[in-house]
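So the structure is just underneath, and the comments pick up after that.
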Amino acid sequence: MSFDLVDLENLMVDDDFAIIHDALNHHHFVLFKKQQDPSPRAQYELTERFDPASEEYGHDKTADNYIHGYFMGIPNQPQVQIKGHGFIKSFMGLQDIKLRHPHHSRTYSEVISEDQGDDAYTRFNRWNIDAGLYDLNPPKVTTLMAVQVPKCRRQTILYDDGYGEKLTAPLNMLSPEDQEFFRTSKAEYAPHPYNWVKPAKMHPTGLSVYTEGREKPESKLPPIDPSKIQILPMAWKNPVTGKLSLQVHPAPIRKIHCADGSIIDILKEVRDLMYRLQRPAISPQYVYAHDWEEGDMVLFNNHGVSHTVVGSLKPDDIRVFRQCNLAASEPPEGP
Ligand SMILES: [Fe+2]
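Position one of the sequence shown corresponds to residue -13 (the working numbering), numbered consecutively onward.
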């Protein structure tokens, strides 16, 4: 759903916010056009409005140092993070910053070569939910604002997973047995999940990682507090519609807790099972690829959809985005 002419700098009255809250929960994606002006404070306050008891950014900076290679907090409003690509001389109190857009060649086994047309083809980087998945609860919403985007180029996203699909541009697609499985099962995430999974190579669709024993052993991770390990429902209930979404972050999941009390803890089995359950949702007809314009402020329902970075940028492209999400004050509600 798209809104024009909304003054995000001045906090809206409760009735206005209720419309946005409703739109997000029904449509999962809300777009405000021409939002060059809102301050980082206004972006933070809009994000916080969805969960007034939340306060801190959705990732722990020390535990998730891999994630923070791509983000930088704005000095006066550290919950609003800068991400993008290229060298920026000065931006909102940050000087001489070098931003890095992830490139598929860094993390994939199946690299698209320059001969194939590295600029014409690309991959989904990594399907994800914005969530620390260790100690911190998954944020309810992410706000993402395009400050500067490179000039528009079209790239084709290759799947290369044998399903024969590519993209130039819900749960009821699963069998009743699979629906029952994810309704009643829970996902356990690795401690320090992003550090743990970082060495693993991505599957070409960005929806999984290869199981080759590359994950970091616990001895190489920061100290682990077992009480911070997250075991979350696979199905998260929408607070407005009551509908369930299959919300599993496929890269850092380590185990599946089944309804009968058994635990699937063989990593390849966990990943193969999740791939089969989640793959239908990334078929081209279910993927929305947003054509970013400067001034777009996007809100996505972090408890209802997955998302991914996409596209390959050239070394001299400049891209600047402001992103904010806040660790939720409570875990997601299951069925
Ligand atoms: Fe994300």
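Think of the CB as a built atom: it goes at the ideal place given N, C-alpha and C, for glycine as much as any other residue.
Beta-carbon proximity list for residue i, same chain, < 7 angstroms, skipping 5 on both sides
i       : result
Glu34   : Ser40 and Leu312
Val(-8) : Phe18
Gly44   : Asp116, Ala117, Gly118, Leu122, Pro125, Asn311, Leu312 and Ala313
Arg265  : Leu193
Ala263  : As written in the sequence, residue 263 is Leu, which differs from the Ala given in the question. Here the set comprises Leu160, Asp164, Phe168 and Leu232.
Gly150  : none
Own chain residues within Cβ distance below 8 angstroms of residue i, not counting five before or after
i      : result
Asn11  : Asn224, Pro225, Val226, Thr227, Asn287 and Gly290
Pro80  : Reading the sequence as shown, one finds Leu at residue 80 and not Pro. Hits under 8 angstroms: Met58, Ile60, Pro61, Ile68 and Ile74.
Thr170 : Cys244, Ala245 and Pro321
Pro185 : Arg200, Glu201 and Lys202
Glu351 : No answer is possible for residue 351: the residues shown for the chain start at -13 and end at 321.
Ala267 : Pro156, Met159, Leu232 and Ser292
Asp302 : Gly72
Neighbour-count burial assignment, residue i, 16 or more Cβ in a 10 Å radius
i       : result
Ala4    : exposed
Ile6    : buried
Ser205  : exposed
Gly297  : buried
Met159  : exposed
Leu(-3) : exposed
Ile98   : buried
Pro238  : buried
Tyr272  : exposed
Gly247  : exposed
Tyr30   : buried
Arg112  : buried
Ile210  : exposed
Ala49   : Confidence at Ala49 is low in this model, with a pLDDT of 49, below 50, so the placement of that residue is unreliable and no value is reported for it.
Asp46   : buried
Pro318  : buried
Glu174  : buried
Lys172  : buried
Pro162  : exposed
Contacts around residue i, its chain only, beta-carbon distance under 6 angstroms, and the 5 residues preceding and following it disregarded
i        : result
Ser194   : Pro236, Arg257 and Tyr261
Pro156   : Below a pLDDT of 50, predicted positions are generally treated as unreliable, and Pro156, at 46, falls in that range; no measurement from the model is reported.
Asn114   : His235
Met(-13) : Ala9, His13 and Val16
Ile250   : Ile242 and Val256
Lys84    : Phe73
Val295   : Pro88 and Asn111
Met78    : Ile60
Thr324   : Given a span of -13 to 321 for the chain in the structure shown, any question on residue 324 remains unanswerable.
Met283   : Phe18, Gln21 and Met131
Val306   : Gly70, Val133 and Gln134
Ala324   : The requested residue 324 is not part of the displayed model; the chain covers only -13 to 321.
Counterpart residues of residue i in DSSP-defined beta bridges
i      : result
Pro219 : Lys172
Val306 : Gly70 and Gln134
Ala314 : Asn123
Met58  : Ile68
Ser76  : Gln81
Val295 : Paired residues: none, contrary to the question.
Ile249 : His243
Met159 : Paired residue(s): none; Met159 is not in a bridge.
Leu232 : Ala221
Met324 : No answer is possible for residue 324: the residues shown for the chain start at -13 and end at 321.
Leu285 : Val16 and Thr129
Thr142 : Tyr107
Gln63  : Ile60
Three CB pairs or more closer than 8 angstroms across the segment 68 to 81 and the segment 255 to 269: no
Stretch pair the segment 200 to 211 + the segment 276 to 285: three plus CB contacts closer than 8 angstroms: no
Stretch pair the segment 210 to 220 + the segment 117 to 124: three plus CB contacts closer than 8 angstroms: yes
Contained beta strand (DSSP E) runs [length at least 3] in the segment -11 to 51, N- to C-terminal order: You should have 15 to 18.
Chain-ordered list of residues that sit, by beta carbon, closer than 6 angstroms to a heavy atom of ligand 2: In the structure shown, ligand 2 is absent; the only ligands present are ligand 1.
Every unbroken alpha helix (DSSP H) inside the segment 178 to 211 [4 residues or more]: 179 to 183
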